[in-house]
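Be aware that the sequence shown starts at 0, since it is given in numbering that gives the first Met the number 0, and climbs by one per residue. Heads up, the thing below is written out as structure tokens.
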Amino acid sequence: MITRRTFATLAAAPLLLRAQPKALQARIRIDTERTIAPIDTKIFGNFAEHLGRCIEGGIFDEGSPLSDAHGYRKDVLAAVKDLHVPILRWPGGNFSSNYNWMDGLGPRDQRPARLEMAWGTIESNRFGTHEFLEYSELLGTEPYLAANFGTGTWLEAQQWVEYCNYPSGTAMTQLRKKNGREKPWNVKYWGLGNEMDGPWQMGHRSAEDYGTFALEGAKLMKWTDPNIHLVA
């Protein structure tokens with residue numbers, strides 16, 4: 000036997016079903032002809048760090064039958080050329096936070112081997128500034144140097160810009176010429192440290208401390224070459 004309550008519920012059911020809204024439909028249209036802004040090809044850049052076989056045993060392998068007279072692996076060079084890398088960053092990465100660029104200058108056999116604390120290895124310094132910038136020229140890519148804003152100083156960063164970009168007349172330019180490079184490289188892109196907000200980083204700083212430190216370093220670097228672009 001149907002009770003009044005059951006009857007009322009059954010009678011109201013069709014009304015409730017009719018009251019439900021229809022499922023909404025959406026359509027997405029992509030206008031392939033509309034241009035919002037150009038895409039900077041540098042977002043497809045790479046970086047090379049002294050980690051594992053990326054540098055030694057990778058792009059640089061002295062004595063290997065696969066390498067040229069300068070130590071660059073010819074097979075790796077050809078493969079990287081095929082990638083058309085628009086910009087290449089070096090020396091790191093975490094490695095850059097304990098790297099003194101002057102260790103990588105001069106005759107390779109006279110360069111100091113250092114304890115490398117980012118990855119717990121010994122760094123031979125046989126691949127340095129000249130090797131990287133010459134490699135970038137072979138690739139036809141834009142070089143990007145990351146300054147040490149961990150254990151490094153403002154003066155070290157400024158002198159690196161001077162060594163690479165200043166034309167002549169200073170101790171740094173004389174040193175560059177002594178090491179075999181007459182003309183400046185005019186490196187455009189420079190990094191102000193690497194992941195300095197991370198507690199894993201040598202020379203870790205708070206955002207406020209990093210901002211103060213980076214600003215002062217940037218001033219010295221830009222005063223040396225106002226045409227450089229800084230990345231923080």
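The beta-carbon is built from N, C-alpha and C at its ideal position, and this holds for glycine as well.
Here Phe-46 carries a strand assignment [DSSP, helix/strand/coil].
Across the set Ala-117, Gly-57, Gly-92, Gly-119, the C-alpha of Gly-57 shows the shortest separation from the C-alpha of Ala-77. Distance from the CA atom of Gly-197 to the CA atom of Gly-210, rounded to whole angstroms, is 14 Å. The Cβ atoms of Tyr-143 and Tyr-71 do not sit closer than 7 Å to each other. As DSSP reads the structure, Val-230 sits in a beta bridge with Gly-190. For Trp-89, the three-state secondary structure derived from DSSP is strand. Going by C-alpha positions, Gly-91 is about 27 Å away from Ala-170. For Tyr-71, the pairing in a beta bridge is given by DSSP as Phe-59. Secondary structure note for Tyr-143: its beta strand (DSSP E) is the uninterrupted segment 141-146.
For the pair Ala-117 and Gly-192, the Cα-to-Cα distance works out to about 14 Å. By the neighbour-count criterion, in which 16 or more other beta carbons inside 10 Å mark a residue as buried, Glu-207 falls on the exposed side. Under the three-state reduction of DSSP, Ser-95 is assigned to helix.
Asn-124 places its beta carbon 7 Å or farther from that of Gly-105. In this structure, the straight-line span from the alpha carbon of Cys-163 to that of Ala-146 is close to 12 Å. In the same chain as Arg-110, and ignoring 5 residues on each side of it, the C-beta atoms closer than 8 Å to its own belong to Asp-102, Gly-103, Leu-104, Ser-123, Asn-124, Arg-125, Gly-127, in chain order. When secondary structure is reduced to three states using DSSP, Leu-65 falls in the coil class, being assigned neither helix nor strand. Judged by pairs of C-beta atoms under 8 Å, the segment 91-100 touches the segment 150-159, as three or more such pairs exist. When the Cα atoms are used, Arg-107 and Pro-166 turn out to be separated by approximately 24 Å.
Residue environment for Trp-199: exposed (fewer than 16 other C-beta atoms within 10 angstroms of its C-beta).
Secondary structure of Thr-34 (DSSP, three-state): coil. The distance from the Cβ of Pro-85 to that of Gly-44 is about 6 Å, consistent with a contact at the 8 Å cut-off. Counting other Cβ atoms within 10 Å of its Cβ, His-49 reaches 16 or more and is therefore classed as buried.
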